[in-house]
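Taking it in order: structure first as structure tokens, then the write-up.
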Amino acid sequence: MRLTERLSARTLLIGGVLTIVLVLLIGVEQDPDFWWHLRVGRWMAEHGRLPSQDLFTFTVPTHVWTDHEYLTEMLMWLAYSTLGLTALCIAFGLLTWAGFWLIYLQVRRQPFVFIGVGLAIAAVAGSPIWGPRAQMITFALSCLELYWLQGYLSGRSRAINFFPLVMAVWANLHGGWVVGFVWLGVALASEVMSWVANRDNPAHRMHVRRLAIIAVVSAMAVAATPHFLSLYPYPFQTQGSEAQQRLIVEWASPNFHDLFLRPFEAMVFLVIAAFALRRPTLYQFLLTSIALFLALQSVRNVALFVAAATPVMINTYGEWWRDFAAARKWTYHLPPRRLFAVITA
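For the record, in the sequence shown the residue sitting at position 345 is 344 according to numbering that gives the first Met the number 0, with numbers rising by one throughout.
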């Protein structure tokens, strides 16, 4: 039996899209901070300790430095010094692609055409952000957390119980760990409101209790870093820094006059249109709204919007199409597999 006869249309389309997405995600270094991170990683490898003061600022040499991504910088330097720049770029591309795979797992029960198109749109929407940078760790771990939350809230999985362990690792890799509490807070808030609205359903009360416990344990796990308690205020100090918010380009709000942000703009429109076609759940609405708020506040958070909104968008369109087609008793027939393989290619 030939390959095109063994592969289903679903496998051909989704496999083709995921392959193209991987190629898109493996990019060259464009972030000017890339070499700065490598230099810090090299310094730590040579000195065997974390820097306590800013290494590269001559105007304020006594400024205390909390290197929130020290472990990532060390791993980046080790990979770069042993395997080279290309291998490092591929590693970050695979890490980001793993996030897309986790997105796929959240929507795998939907019609495959919606999955393929949705993943492609999401990959292009986040293209200004992808690259070999520590922020991709926060993207991938956000996708993992959201996958676990979806499984728990739907009653299919309790893997979210392992989230405190993930948070301990996350806090050592990147300062974006605080985003993990944002997603957890969204789930907790939606379950609290659902519990208040429907006290006859014991599932909401159980979810609130478990998620609250996980949040407390996860907050304690953040302290499992060399920075200990000083890491807690760091994300808020960064957000509250007027100089960083004003001078760093990627901290600014998206400028939709820029052509490269048009795919993100289109994705926002598609999500809003999806909610017009089919009413989202409370959790989906809150999650998408918070993710959109973050993305509109800072262009670097477009990646977080992709992580949170893509599964919601695909699931909403998929469920709407099922209801729409079933009401009209529509059926569709795919072209022969060989022809479909050519079209997909």
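Glycine included, every Cβ here is placed at the ideal spot set by N, Cα and C.
Quantities reported herein were computed from a predicted structural model and do not represent experimental measurements.
- V305 places its beta carbon 9 angstroms or farther from that of A133.
- In the three-state DSSP reduction, V63 falls in the strand class (E or B).
- In this model, Y151 and N197 are separated by some 19 angstroms (Cα to Cα).
- Taking a C-beta distance under 9 angstroms as the contact criterion, L260 and A214 do not qualify as a contact pair.
- The beta carbon of L230 sits closer than 7 angstroms to those of T65, H67, A170, V221, T224, all from its chain and outside the five residues before and after it, given in chain order.
- A direct Cα-to-Cα measurement between G175 and T237 gives close to 11 angstroms.
- Its chain contains M75, W76, Y79 as the residues whose beta carbon lies nearer than 7 angstroms to that of L37, once the 5 sequence neighbours on both sides are disregarded; these appear in chain order.
- Between the beta-carbon of I128 and that of V301 there is about 5 angstroms, and that keeps the pair under the 8 angstroms contact cut.
- When the beta-carbon positions are compared, G130 and G26 come within less than 9 angstroms of each other.
- Bridge partners of Q52 according to DSSP: V63.
- The stretch 305 to 321 and the stretch 107 to 114 touch, with no fewer than 3 CB-CB distances between them shorter than 8 angstroms.
- In the structure shown, the three-state DSSP call for G179 is helix.
- Here the alpha carbon of D199 sits roughly 25 angstroms from the alpha carbon of L286.
- In the three-state DSSP reduction, G98 falls in the helix class (H, G or I).
- The criterion of a C-beta distance shorter than 9 angstroms is satisfied by V20 and A119.
- Contact between the stretch 266 to 280 and the stretch 248 to 256 is absent: fewer than 3 CB-CB pairs across the two stretches fall below 8 angstroms.
- By the beta-carbon neighbour count (other beta carbons within 10 angstroms, threshold 16), I136 is buried.
- Taken through DSSP and simplified to helix, strand or coil, G174 comes out as coil.
- Per DSSP, L303 is one residue of the alpha helix (DSSP H) stretching across 301 to 327.
- For T137, the enclosing alpha helix (DSSP H) covers residues 134 to 152.
- Our two residues, L94 and R327, have alpha carbons roughly 42 angstroms apart in a direct line.
- Contact check for P262 against S126 passes: the beta carbons are separated by less than 9 angstroms.
- Secondary structure note for P201: its alpha helix (DSSP H) is the uninterrupted segment 201 to 220.
- Collapsing the DSSP output to three states places W169 in a helix.
- One alpha carbon belongs to V267, the other to Q105, and they sit about 19 angstroms apart.
- The DSSP-derived three-state label of Q105 is helix.
- Q283: member of the alpha helix (DSSP H) spanning 281 to 296, first to last residue.
- The residue among D30, L54, Q29 with its C-alpha nearest the C-alpha of G40 is L54.
- Apart from sequence neighbours up to five positions away, the residues of its chain that approach P163 with a beta-carbon distance below 7 angstroms are I213, V216, S217, A220, ordered along the chain.
- Excluding the 5 residues flanking it on each side, H62 has same chain C-beta neighbours closer than 7 angstroms at Q52, D53, T56, in chain order.
- Minimum Cα-Cα distance from D32 among the listed residues M43, T309, L210, E72 corresponds to E72.
- Excluding sequence positions up to five before and after L228, its CB lies within less than 7 angstroms of the CB of A222, all in the same chain and listed in chain order.
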